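Report on the structure given below.
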Amino acid sequence: MTFKENPMRLIPMAKVPLAAALGVAALLTLASAPAAAEYYQYTYTGNLFTRTYEDPWAPIGDPNGGRTFSLVSINAVVTTNAPLGSTVTLADVLSFSISMTSPDPFGPHATLSYPFPPPIDCGGGSCPSPSYSGSLTMSDFNFLNQPTSWDLSIGTQTFYPTGRMGWLTLSTSRGRDMLDGGYETAYAEYGGLITSPGVWAMSVVVPEPATYASMLAGVALLAGLSRWRRTRRDRTPG
Numbered sequence: 095m096t097f098k099e100n101p102m103r104l105i106p107m108a109k110v111p112l113a114a115a116l117g118v119a120a121l122l123t124l125a126s127a128p129a130a131a132e133y134y135q136y137t138y139t140g141n142l143f144t145r146t147y148e149d150p151w152a153p154i155g156d157p158n159g160g161r162t163f164s165l166v167s168i169n170a171v172v173t174t175n176a177p178l179g180s181t182v183t184l185a186d187v188l189s190f191s192i193s194m195t196s197p198d199p200f201g202p203h204a205t206l207s208y209p210f211p212p213p214i215d216c217g218g219g220s221c222p223s224p225s226y227s228g229s230l231t232m233s234d235f236n237f238l239n240q241p242t243s244w245d246l247s248i249g250t251q252t253f254y255p256t257g258r259m260g261w262l263t264l265s266t267s268r269g270r271d272m273l274d275g276g277y278e279t280a281y282a283e284y285g286g287l288i289t290s291p292g293v294w295a296m297s298v299v300v301p302e303p304a305t306y307a308s309m310l311a312g313v314a315l316l317a318g319l320s321r322w323r324r325t326r327r328d329r330t331p332g
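In structure tokens, the structure reads:
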């Protein structure tokens, strides 16, 4: 009587390659580890409006009187560690940013973010000194977990070693998207859009760390077992 090898028999761990063994160990560890929190991203995409930039030093006879016009929009990203609900304030989020973007890649762009950047330290007071302020409220979430009422704003003032000062504020709310900026009393930029709000979307942007580890462990396990079987087959007499 001839007995055939059982293809489903257990493989001795001593013969399992290192990569596969590590994969098994990682899977066993993850099975007993608590799942890490996911991160949620709320993204606001605003509608286009006209930004006006005023340059008092424009050439005499400039047909626009020193004004330059460009299309921009206000966009925002809010990151949290749990789905939002009820009324949300700045203390309830991990971070948020507001951007002025243009469909023209060479057009005006700017982004202000919270948590605010650390102070610039270049020694001797020879570098710009920016300060920041910000506020955030989101409420009245719909069935898609998108806010239908919101008010986000970030502003910065930058003082330069020359004594000059510049500023920029970006904001969005249910009733208005707006930008306001300038340099001293000379240069200015401004624009906004009233009663034409953009749209919100919510997504999970960072899977649980355990998910990545599981994928890596699974790949290592499959690769190790495949190599073990191939090596064993090559060594088996024909």
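Its first residue numbered 95, the sequence shown is counted upward by one per residue in this note's numbering. Cβ coordinates follow ideal geometry from the N, Cα and C atoms, glycine included. All of these numbers come straight from a predicted model, not from anything done at the bench.
Count the other C-beta atoms from every protein chain shown that fall within 10 angstroms of the C-beta of L238, then say buried if there are 16 or more, exposed otherwise.
In this structure L238 is exposed. Its beta-carbon is surrounded by fewer than 16 other beta-carbon atoms within 10 angstroms.
The beta strand (DSSP E) that contains W244, what's its start and end?
Element bounds for W244: 241–253.
Here's the rule: buried if 16 or more other CB atoms are within 10 angstroms of the residue's CB, otherwise exposed. What is N175?
Within a 10 Å sphere around the beta-carbon of N175 sit fewer than 16 other beta-carbons, which makes this residue exposed.
Any idea what DSSP makes of T185, helix, strand or coil?
Per the sequence shown, residue 185 should be read as Ala rather than Thr. Residue state, collapsed to three classes: helix.
Could you please give the first and the last residue of the uninterrupted beta strand (DSSP E) stretch that includes N141?
Premise fails: N141 is in no beta strand (DSSP E) and is neither H nor E.
For the segment 225–238 against the segment 278–293, do three or more pairs of beta-carbon atoms, one drawn from each stretch, fall closer than 8 Å, so that the two count as touching?
These segments do not touch.
Looking at the structure shown, is S267 part of a helix, part of a strand, or coil, going by DSSP?
DSSP places S267 in strand when its eight states are reduced to three.
Exposed or buried, which one is A170 when buried takes at least 16 other CB atoms within 10 Å?
Buried.
Check for me: the beta strand (DSSP E) holding A170 runs from which residue to which?
Where A170 is concerned, the enclosing beta strand (DSSP E) stretches over 161–174.
Roughly how many angstroms separate the alpha carbons of C216 and L206, rounded to a whole number?
Their Cα atoms are separated by approximately 21 Å.
Going by CA-CA distance only, name the one from Q135, R145, Y133, N141 that's closest to G285.
Nearest C-alpha to G285: R145.
Taking the alpha carbon of P241 as the reference point, which residue from T263, S267, I192, A204 has its own alpha carbon closest?
The option with the nearest alpha carbon to P241 is S267.
Strictly by DSSP, which residues pair up with D274?
Paired residues: T263, Y284.
Quick check: is the beta carbon of W244 nearer than 8 Å to any beta carbon in chain B?
Considering every chain present, this structure includes no chain B. It has just one protein chain.
Excluding the 5 residues flanking S297 on each side, which residues of the same chain have their C-beta closer than 8 Å to its C-beta?
Once the five neighbours on either side are set aside, the close Cβ partners of S297 are Y134, Q135, T137.
Only counting the same chain, and skipping five residues up and downstream in sequence, which positions put a Cβ closer than 6 Å to that of R258?
So the qualifying residues of the chain are E278.
Just the Cα atoms here: how many angstroms apart are H203 and M194?
Straight-line Cα distance between these residues: approximately 5 Å.
Please report how far the alpha carbon of P150 lies from the alpha carbon of F163, in whole angstroms.
The straight-line gap from Cα to Cα measures roughly 15 Å.
Since I192 contacts L264 with CB under 8 Å, what's their CB separation in whole angstroms?
That pair is a contact at about 4 Å.
Hey, N42 and L287: beta-carbon distance below 8 Å or not?
Given that the chain is displayed from residue 95 to residue 332, the structure contains no residue 42 and the question cannot be resolved.
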